[in-house]
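Here the sequence shown stands for residues 93 to 362, where the numbers follow this note's numbering.
For each residue, glycine too, the CB sits at the ideal point set by N, CA and C.
Take a look at the structure set out below.
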Amino acid sequence: MSLNGQNGEKIGLSFRGSNEQIAEAGDKRVLARQVDMPLGHQGSFHSHTWYQLMYASEGVLNVDVSDQAMVVPPQRAVWLPPGCVHRTFAPSGAKFRSLYFRPDQVEGVGHVCKVVNITNLIRELILAIVARCDVDSEWQQPDYNLLTVLLEQLSAQPQTALSLLMPKDARLGEMVETLQLSPDNDLSMQQWANRLGMSSRTLTRIFLSETGLGFREWRQRLRLLYSLTLLEQGRPVTQVALDVGYSSPSAFAHAFQQYFACSPREYFMK
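Dropping the structure here:
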């Protein structure tokens, strides 16, 4: 899901990097970072010593984490434990709203990287805490109550299927890069095996062992996740269907409905 773009940030709450903020946090329990990411924003790989809740109130984030590619629309967020190396892309720009939590303040949300569901309540809590962090005054008990409720709500949310394991075998590098850049590529498993100089049985085995999915299912999930970025940009469903490799809008809509439990037109209305 990685898209090439230009580095750049327009930072709202702070012109300092998040790790610099963390280093200077003192006795603060939570920090916020608000960034209006421009079209094509591309970050570099990095990690933090605190937990991070990565959220975009507008726009779709593409997040690379180790062997996973994640697509994060405004209805979702990424929970990142300390030390989790990641990078972020905003192909169509995004209103990035991120919270960082001191490790000893977090219980119940978990120590694994995951995409979590964002309810209306969680969204409002995130935005309220981000705004509160911009006020230079001592936190009072009601402020900490907001933080407690947010973490409790996050711990109750199930992990969502908006991530895709990426094959790490170096022999598949060309294949994975091609499919990420051109999800409409329609080469068959046998054609890819021939192109990569291996048997289709070997290629099938690698895919299953490294992603847990067969090639066709993996490619379909890649296409569906990629389609979210195009739909969020306001492109017509018919055009999106063709851009991600479906033969017709109805075939795309059927696959989308099966995976996301709603139609392409309904997704960003939820």
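With residue i as the anchor, note down where its alpha helix (DSSP H) starts and where it stops.
i, result
"E230", "Unbroken run through E230: none, as it is neither H nor E."
"V268", "265-273"
"Q349", "341-352"
"Q251", "Here Q251 belongs to no alpha helix (DSSP H), and DSSP marks it neither H nor E."
"A115", "110-115"
"Y359", "356-359"
Quick check: residue i and residue j, are their CB atoms within less than 8 Å of each other?
i, j, result
"R357", "V329", "yes"
"V208", "T321", "no"
"Q160", "L256", "yes"
"L153", "A182", "yes"
"R168", "L239", "no"
"T303", "P259", "yes"
"Y236", "L123", "no"
"M288", "R263", "What sits at residue 288 in the sequence shown is Leu, not Met. Against a cut-off of 8 Å, the Cβ pair of R263 and L288 comes out as a contact."
"L217", "V241", "yes"
"A223", "A186", "no"
"F360", "E324", "yes"
Counting only the same chain and skipping the five closest in sequence on each side, list residues whose C-beta sits under 7 Å from that of residue i.
i, result
"Q251", "K206, V207, V208"
"L271", "N277, R311, L314"
"L316", "A347, F348, Y351"
"L213", "Q245"
"F107", "For F107, the predicted structure reports a pLDDT of 36, less than 50, and the residue's modelled location is therefore unreliable. The matter cannot be settled from this model."
"G109", "none"
"S292", "M281, Q282, A285"
"S158", "V177"
"W142", "I114, P174, Y192, F193, R194, P195"
"G100", "Its pLDDT being 34, under 50, G100 is placed unreliably by the model, and nothing is read from it."
Residues in the same chain with beta-carbon distance under 8 Å from residue i, minus the five sequence neighbours each way, listed in chain order, please.
i, result
"H203", "P173"
"S355", "A345, F348, Q349"
"L305", "L257, F299, R313"
"A343", "A333"
"P234", "none"
My guess is that residue i and residue j are in contact by the Cβ rule of under 8 Å, so how many angstroms apart are they, rounded?
i, j, result
"V127", "F188", "4 Å"
"D57", "I298", "Within the shown structure, residues of the chain are numbered from 93 to 362, placing residue 57 beyond reach of any answer."
"V198", "L243", "6 Å"
"S190", "L145", "7 Å"
"E150", "P130", "Between P130 and E150 the Cβ distance is about 13 Å, and since that is not below 8 Å, they are no contact."
"T296", "F307", "7 Å"
Along the beta strand (DSSP E) that carries residue i, what are the first and last residues, could you check?
i, result
"Y147", "143-150"
"L256", "255-257"
"L172", "168-172"
"A161", "160-164"
"R125", "122-129"
"V155", "153-157"
Once the 5 residues before and after residue i are set aside, which same chain residues still bring their CB inside 6 Å of it?
i, result
"I103", "Note that I103 scores 30 on pLDDT, short of 50, meaning its location in the model is unreliable; the coordinates nonetheless yield the value given after this. V127, listed in sequence order."
"G175", "S139"
"R121", "R194, Q197"
"C225", "A124"
"Q249", "V208, N209"
"M267", "W284"
Can you list the alpha helix (DSSP H) stretches of 4 or more residues lying completely in the segment 181-249, in chain order?
212-225, 233-247
Taking only runs of the alpha helix (DSSP H) that begin and end inside the segment 263-332, which ones reach a length of at least 4 residues, in chain order?
265-273, 281-288, 292-303, 307-324
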